[in-house]
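Asks: Could you have a look at this structure, given as structure tokens, before my questions?
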Amino acid sequence: LFSCGPLCILCHRCNAHSEWSDPGSSKCELKTLEYFDWNDVFAVILLTLAAVGIVVVFLVSLLFLSHRDSPVVKAAGGPLCQLILLSLVGSFVSSVFFVGKPTDAQCKVRQVLYGLSFTLCVSCILVKSLKILLAFQVKLELLKSLRRLYKPYLIICFCMLVQGANHTWWLILFKCDEGSYVAFGVVMGFIALLALVCFIFAFKGRKLPQKYNEAKFITFGMLVYLMAWVLFIPVYVTTAGKYLPAVEMAVILISNYSILCCHFFPKCYAILFRSMSNTRDDFMRNVYEYSKKSTRGLGDFSLPDASKSKESPYVISNIPCFFPKRTESEQSLEPTAPPFVKMFYICCLRAT
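Heads up: take any position in the sequence shown, counting from 1, add 10, and you land on this note's numbering.
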């Protein structure tokens with residue numbers, strides 16, 4: 011028989027989830043949990059930026075609603091602008107869930123809310139860019155078929171359904187495991203794909219009339235978004251610790267502010283400080299100047315016989331425009347511009 015004597019120690023394993031032991035130690039100690047706390051200075055700064063962003067979004071929304079009948083708001087997309095602003099609110103709110111002790115509910119809410127919100131934002135910008143591109147850049151023989159396919163709200167719903175399926179797959183198969191690079195890559199990759207398509211449309215529309223040309227703003231906004239997430243990927247893959255959620259939160263805020271600054275602030279400036287250019291006549295004059303440059307003379311304009319149809323298509327360059335008979339208010343527009351330019355301008359405003 012063997013007796014261990016008075017020095018015999020009965021050892022047991024520490025709880026792997028809540029305890030640990032130093033090398034050579036004979037006792038278990040509680041683990042110290044470190045996470046991105048609400049009292050952290052960096053967290054306070056990011057939360058302040060998120061709160062300011064939400065307030066700014068509401069102010070911009072009120073400004074756009076109060077000027078919803080102005081040419082600037084209509085050319086910017088009209089109701090689509092409110093959808094974009096709503097999506098930005100959801101995106102800003104999602105960033106708040108990256109602060110505090112992580113829980114299963116936080117994991118599910120923050121990734122799903124951001125993914126769906128920013129998908130809605132980018133898909134609305136995509137639809138708006140496509141609409142203006144179709145109005146000015148598409149060849150006449152392709153326009154009829156493309157007009158049948160152009161269903162803005164169906165396109166937005168389709169993008170949301172695809173992203174919703176991606177999140178459902180993530181939650182069911184991986185149980186919202188944020189360490190799953192595949193699931194995270196699929197969700198963020200779909201948003202990046204939409205942003206890339208927006209960038210392509212913006213590049214193709216870089217020569218549109220100035221009043222309708224948001225190419226430089228959309229291009230810069232999408233570039234900021236893509237660059238921010240490209241820089242985030244190596245950090246996300248190689249870094250672990252309490253500040254990893256802070257990095258993702260910062261990237262989300264950068265993406266949101268890039269949309270606000272590039273997409274809405276120029277419109278707000280035009281509404282508040284350049285009211286003289288926010289008129290129907292100024293927009294009509296801008297389209298007329300663009301049409302002269304693109305056609306190099308009135309010989310390139312096609313004017314069908316208006317008497318053969320109640321709705322007559324007028325073509326500026328390769329731009330067909332269908333409009334009803336003019337009202338007395340529309341006939342009173344200044345006579346210096348040719349009638350086909352007046353009608354095209356009216357159609358552009360009504361299309362929004």
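Where is the CB? At the ideal position from N, CA and C, for every residue including glycine.
All figures in this text were calculated on a predicted structure; none of them were measured in a lab.
For Leu140, does the three-state DSSP call read helix, strand or coil?
Replies: Stepping through the sequence shown from its first residue, residue 140 is reached at position 130. Helix.
Asks: Can you check DSSP and say which residues form a bridge with Trp30?
Replies: Your numbering for residue 30 matches position 20 in the sequence shown. Per DSSP, Glu39.
Asks: Tell me whether the stretch 189 to 202 and the stretch 122 to 133 touch, counting them as touching only if at least three CB pairs, one residue from each stretch, are closer than 8 Å.
Replies: In short, these stretches touch, since the Cβ pair count reaches three.
Asks: Mind the definition here: the stretch 31 to 41 touches the stretch 235 to 255 only if three or more C-beta pairs lie below 8 Å; say whether that holds.
Replies: Because the criterion of three Cβ pairs below 8 Å is not met, the stretch 31 to 41 and the stretch 235 to 255 do not touch.
Asks: Look at Ser139 and Ile228 and say whether their C-beta atoms are less than 7 Å apart.
Replies: Residue mapping note: residue 139 aligns to position 129 of the sequence shown, counting from 1. Residue mapping note: residue 228 aligns to position 218 of the sequence shown, counting from 1. In this structure, Ile228 lies closer than 7 Å to Ser139 by Cβ.
Asks: Over what stretch of residues does the alpha helix (DSSP H) that includes Asn176 continue unbroken?
Replies: What you label residue 176 is simply residue 166 of the sequence shown in a count that begins at 1. Here the alpha helix (DSSP H) through Asn176 covers 162 to 183.
Asks: Should Val82 and Lys277 be called a contact, given that it needs their Cβ atoms to be closer than 7 Å?
Replies: Numbered from its first residue, the sequence shown carries residue 82 at position 72. Numbered from its first residue, the sequence shown carries residue 277 at position 267. Yes; because the gap between Cβ atoms is below 7 Å, this pair is in contact.
Asks: Measuring CA to CA, which of Met170, Phe168, Cys167, Leu144 is closest to Arg158?
Replies: Numbered from its first residue, the sequence shown carries residue 158 at position 148. Nearest of Met170, Phe168, Cys167, Leu144 to Arg158, Cα basis: Leu144.
Asks: Under the rule that 16 or more other beta-carbon atoms within 10 Å means buried, what is Leu72, buried or exposed?
Replies: For the purposes of this step, residue 72 is taken as the residue at position 62 of the sequence shown. Classification of Leu72: exposed, given that the 10 Å Cβ count is below 16.
Asks: Between the stretch 224 to 238 and the stretch 158 to 167, do three or more beta carbon pairs fall short of 8 Å?
Replies: no
Asks: Would you say Phe46 and Val109 are within 7 Å of each other, going by their C-beta atoms?
Replies: Along the sequence shown, read from residue 1 onward, the residue named residue 46 stands at position 36. Along the sequence shown, read from residue 1 onward, the residue named residue 109 stands at position 99. The answer is yes: Cβ separation under 7 Å.
Asks: Considering only C-alpha positions, which residue in the set Asp79, Cys91, Gln92, Gln173 is nearest to Tyr124?
Replies: As a working mapping, residue 124 is identified with position 114 in the sequence shown. Taking only the C-alpha atoms, the option nearest Tyr124 is Gln173.
Asks: Could you tell me whether the Cβ atoms of Ser133 and Cys169 are closer together than 7 Å?
Replies: Locating residue 133 in the sequence shown gives position 123, where the first residue counts as 1. Locating residue 169 in the sequence shown gives position 159, where the first residue counts as 1. A contact, by the Cβ cut-off of 7 Å.
Asks: On a Cα-Cα basis, can you pick out the residue from Phe230, Pro255, Leu43 that is closest to His27?
Replies: Position 17 of the sequence shown, counted from the first residue, corresponds to residue 27. Nearest of Phe230, Pro255, Leu43 to His27, Cα basis: Leu43.
Asks: Using a 10 Å radius around the Cβ and a threshold of 16 neighbouring Cβ atoms, would you call Tyr267 buried or exposed?
Replies: Start at 1 with the first residue of the sequence shown, and residue 267 comes out as number 257. It is buried - the Cβ of Tyr267 has at least 16 other Cβ atoms within 10 Å.
Asks: Under 7 Å Cβ to Cβ from Asn176, same chain only, skipping five residues before and after it: list those, please.
Replies: The count along the sequence shown starts at 1 and reaches residue 176 at position 166. Val196, Val197, Phe200, listed in sequence order.
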